[in-house]
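In our numbering, the protein residues as written are 623 to 1281. Built from N, CA and C at the ideal position, the CB exists for glycine as well. Remember, it's a predicted structure, so these values are computed and weren't measured experimentally.
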Amino acid sequence: MLILGFYGGPSTEFEAGSPTQTHDGAAVLLKGGEVIAAIEEERLNRIKHSYTAPLRAARFVMDQAGVGLDQIDRIAIPYMAGSAERLLRRMYLADPSAEHALDVADALRAQWRRYLGADVPREKVRFVPHHIAHATATFEMSGFERALVMTIDGQGDTEAGLTLKGSAEGLELLHRVPIPESLGHFYMQAIGFLGYRMFDEYKVMGLAPYGDPERFRAQFEAMYELLPDGQWRLHPHLLDGMYAQLMPRRKREPIEQIHKDFAASLQQTLETVVFHALRHYRASTGLRDLCLGGGVAHNCTMNGNILRSGLFDNVFVHPAAHDGGNALGAALSVHRSEARHRPQRLRNVYWGSPLGDGDSVETRLRAWSDFLDIAPSANVEEDAAELIAAGKVIGWVQGRSEFGPRALGNRSILADPRPAEFKGLINKMIKTRESFRPFAPAVLEEQAADYFELPAGATRFPFMTFVLNVQPDKRELLGAVTHVDGTARVQTVSREDSPRFWRVIDAFHRRTGVPVVLNTSFNNNIEPIVDSLEDAVECFLTTGLQALVVGDFVLTKKDGAPRSALVPRLPNHVRLHERRQRDDDGEVRDTFELRRAEWNGEACKPLPAPIFGLLKRIGDAPIERLAREAGLALDEVMPTMEELWAERCLVMRPQAAQR
Ligand SMILES: [Fe+2]
């Protein structure tokens, strides 16, 4: 049986701001309960947290299996039709003149008919509640026979979390967390005081170890009550009282000790409430294994503390615990109700875009030969390790891209994990992000216990979902990947499941005696993780990365290559905007902007008039020709064009790489 998991908002075009608060659209294809392909829409449309309908993703996963929509047996949707219909009605009220369907199955079927070319009979469409999808994704992939299952997020459908018992018979509901008690909403509201917002939660988690939770303990303790039977009550309105001690930090203001202390208290509050619930259900159910899902389960500091506490024998956290993973959860839920056998334990998540075979990789790389020196390699793992051991920071692209928010060795940036100064250096050269955030170590599974404190009997942590202690005698050695509190977000790498990545680390080990590399996602701070070969090359050319390994090729930047020979293109989510306004002196001025649609609004960037004019004429001509025709000198144009490229407001590719 072929099951398509399909998660995203109703929009087919990306405009400014999600109309339904949906995010992280994705599609998954299951065959006989096993994943054939899975990808988030953002990887393909290149818009972080894309909320649009996952049409590119759906096409991709079906292409991987060589099937069309008419051959799909079930389409699984991870929300309740009623919740979606409430949203559709609200949209209708807001704009009755637009075209709106009020029946969600009909709306989806019309969309599929139009964009995916098939009429799907209504009986093939299945709706799975949001938190059941979270719970199914984590339990079904855990390989545990029986487990306590807990999902925690902001909100999905009509709840903020579920606690369930998972077994061969399926999932049995123990408790629903009502929306007012949402830990996800509470956390999000609180991080506003630190100048952060949705999708920044991991930054606050990274900040917490620098802080002292004592400073705000009393205030935070007043914001929750721990009730009998593992229940809790939150008082988020008391956050308003925080203004007396902490004016919310504005973006770009410095992060001070008070912010770190606030982050520490918040982290402690989250963990106190979750532990309260877990202790109760551990005792009342007798279940010894735990599965976590929902966006809050990406808090890997919390996950590490749960693991270390010994409360459960085993803990599994789904690597795509957030809403994107619900495309998978819904599909697995439908599979269980139809087929009644469980899939195999999750071993890896290399389910995305394939890189392609050597010949096609070479042909696509050759299109960039004016900009890249391309060296075929007889042993690419050894060559990559040599570069890393020589202190280079490299891009590493192999096989199929990862499903979920972590790069796990197929779309990664790799470097030496030892020099502490690499934290700042890599942040500066590639990520342009806050330097307090550490990078993650990837370690050979066989050697993991020598470098990290693993719980008794546990050897596999392949998904970077847990923060563990670095062995005290290794903390100084692993300076670039050890956080201020002596912890690290570890990925163990298995020879069997990630053979190429394992061989790179092994080769680095032979050279340096250290079986660990620094592994961070291959992207800058604006874009989703690179997916295609072209995404990788563009990221390489617009960051300080020192080499790029793609398939069996080692690439370096060609000095002095004329970037004005590149052909610029505006991505679908970027538009040019011209407006006339009166300034303070009463004079009328024209202003020119480039606007990039984002998940929760639009980023505006003012442009000089000549560049605006040049961008208006973008077609299939290289920059040098556009500039000549506009009567502009290249040195007037290129700095802005390169900046726009680095900010992913422009795609720039050679003529031969246009697709
Ligand atoms: Fe969720």
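- Message: Pop quiz: Arg1028 and Pro941 are said to be a contact at Cβ under 8 Å. What is the actual Cβ separation, rounded to whole angstroms?
- Response: Yes, Arg1028 and Pro941 are in contact; Cβ-Cβ is about 6 Å, under 8 Å.
- Looking only at its own chain, which residues have a Cβ that is under 6 Å from the Cβ of Val650, when we skip the five neighbours before and after it? So the qualifying residues of the chain are Gly627, Ala660, Ala949, Leu950 and Ala953.
- Kindly list the residues whose CB is nearer than 8 Å to the CB of Pro1276, restricted to its own chain and excluding five residues on each side of it in sequence; keep chain order. Hits under 8 Å: Ala989, Trp990, Asp992, Phe993, Ala1187, Leu1188 and Val1189.
- Proximal residues to Arg969 (C-beta, below 6 Å), its chain only, five neighbours per side dropped: Closer than 6 Å at the Cβ level, and outside the excluded window around Arg969, lie Asp1119.
- Task: Name the two residues that bound the continuous beta strand (DSSP E) containing Thr1142.
- Result: Element bounds for Thr1142: Val1138 to Ser1143.
- What's the call for Met1263, buried or exposed, on a 16-neighbour Cβ count within 10 Å? With a 10 Å radius around the Cβ and a threshold of 16 neighbouring Cβ atoms, Met1263 comes out buried.
- With distances taken Cα to Cα, identify the nearest neighbour of Lys787 among Val771, Ala1011 and Gln777. Closest option to Lys787, Cα to Cα, is Val771.
- Query: With 16 as the cutoff for other CB atoms within 10 Å, does His752 come out buried or exposed?
  - Reply: Classification for His752: buried.
- Does DSSP put Cys913 in a helix, a strand or coil? Note: Cys913 maps to strand in three-state DSSP.
- Task: Measuring alpha carbon to alpha carbon, tell me which of Lys882, Pro1244, Glu1215 and Ala1225 ends up nearest Phe1234.
- Result: The shortest Cα separation from Phe1234 among Lys882, Pro1244, Glu1215 and Ala1225 belongs to Glu1215.
- Query: Whose C-alpha, out of Phe766, Glu1067, His859 and Arg1191, is nearest the C-alpha of Leu914?
  - Reply: Nearest option by C-alpha distance: Phe766.
- Item | Test item: CB-CB of Tyr629 and Leu677 under 7 Å | No.
- Task: Tell me, please, whether the segment 805–821 touches the segment 884–899 by the rule of three or more beta-carbon pairs shorter than 8 Å.
- Result: In short, these stretches touch, since the Cβ pair count reaches three.
- Taking all protein chains shown into account, do 16 or more other C-beta atoms lie within 10 angstroms of the C-beta of Cys1226, making it buried, or fewer, making it exposed? Label assigned to Cys1226: exposed.
- Message: DSSP has Glu1200 in a bridge; who is on the other side?
- Response: Phe1214, per the DSSP bridge assignment.
- Item | Inside the segment 742–781 only - alpha helix (DSSP H) runs reaching at least 4 residues | Within the segment 742–781, the complete alpha helix (DSSP H) runs of at least 4 residues are 752–764.
- Query: According to DSSP, is Leu784 helix, strand or coil?
  - Reply: In this structure, Leu784 counts as strand in the three-state DSSP scheme.
- Residue from Ala1158, Pro1193 and Ala698 with nearest C-alpha to Val1176: Here the closest residue by C-alpha is Ala1158.
- Using a Cβ-Cβ cut-off of 8 Å (strictly less than) and excluding sequence neighbours within five positions of Val1210, which residues of its own chain qualify? Hits under 8 Å: Arg1202, Gln1203 and Arg1204.
- Thinking just about the alpha-carbon of each residue, which of Ile880, Lys1238 and Gly1253 is nearest to the one in Leu1272? Out of Ile880, Lys1238 and Gly1253, Lys1238 has the C-alpha closest to the C-alpha of Leu1272.
- Helix, strand or coil: how does DSSP classify Glu1220 here? In the three-state reduction of the DSSP assignment, Glu1220 falls in the strand class.
- Query: How would the residue list near ligand 1 read, in chain order, if you kept each one whose beta-carbon is closer than 6 Å to any heavy atom?
  - Reply: The set of residues with CB atoms less than 6 Å from any heavy atom of ligand 1 reads, in chain order, His752, His756, Asp775, Gly778, Gly916, Gly917 and Asp945.
- Which partner residues of His797 appear in the DSSP bridge assignment? Paired residue(s): Thr785.
- Task: Can you tell me which of Leu1090, Ser719 and Phe1162 puts its alpha carbon nearest to the alpha carbon of Ala1268?
- Result: Out of Leu1090, Ser719 and Phe1162, Phe1162 has the C-alpha closest to the C-alpha of Ala1268.
- Query: So, helix, strand or coil for Leu1254, using DSSP?
  - Reply: In the three-state scheme derived from DSSP, where H, G and I count as helix and E and B as strand, Leu1254 is classed as coil.
- Query: Where does the unbroken beta strand (DSSP E) through Pro998 begin, and where does it stop?
  - Reply: Segment Leu994 to Pro998, the beta strand (DSSP E) holding Pro998.
- Apply the 10 Å Cβ neighbour rule to Asp1038 and answer buried if 16 or more other Cβ atoms are within range, or exposed otherwise. In this structure Asp1038 is buried. Its beta-carbon is surrounded by 16 or more other beta-carbon atoms within 10 angstroms.
- Query: Got a sec, what are the start and stop residues for the beta strand (DSSP E) Val1171 sits in?
  - Reply: Annotation for Val1171: the continuous beta strand (DSSP E) segment containing it runs Ala1169 to Val1172.
- Query: Whole alpha helix (DSSP H) runs in the segment 704–744 with 4 or more residues, listed along the chain?
  - Reply: For the segment 704–744, whole alpha helix (DSSP H) runs of length 4 or above, ordered along the chain, are 726–738.
- Task: Would you please state the rounded distance, in angstroms, between the beta carbons of Ala698 and Ile625? I believe it to be under 8 Å.
- Result: Taking C-beta atoms under 8 Å as the contact rule, Ala698 and Ile625 qualify, at a distance of about 6 Å.
- Which word fits Gln1113, buried or exposed, when buried means at least 16 other C-beta atoms lie within 10 angstroms of its C-beta? With 16 or more other Cβ atoms within 10 Å, it is buried.
- Taking the Cβ atom as the reference point for each residue, do Asp775 and Gly916 lie within a distance shorter than 7 Å? Contact: yes.
- Going by DSSP, name the residue or residues bridged to Ala698. According to the DSSP secondary-structure assignment, Ala698 is paired through a beta bridge with Gly627 and Arg748.
- Message: Restricting to Cα atoms, I'd like to know which of Met1260, Phe1025 and Gln853 is closest to Leu796.
- Response: It is Gln853.
- In the DSSP assignment, what residue or residues form a beta bridge with Trp973? Trp973 is not bridged to any residue.
- Hey, would you say Ala844 sits closer than 7 Å to Leu860, going by beta carbons? Against a cut-off of 7 Å, the Cβ pair of Leu860 and Ala844 comes out as a contact.
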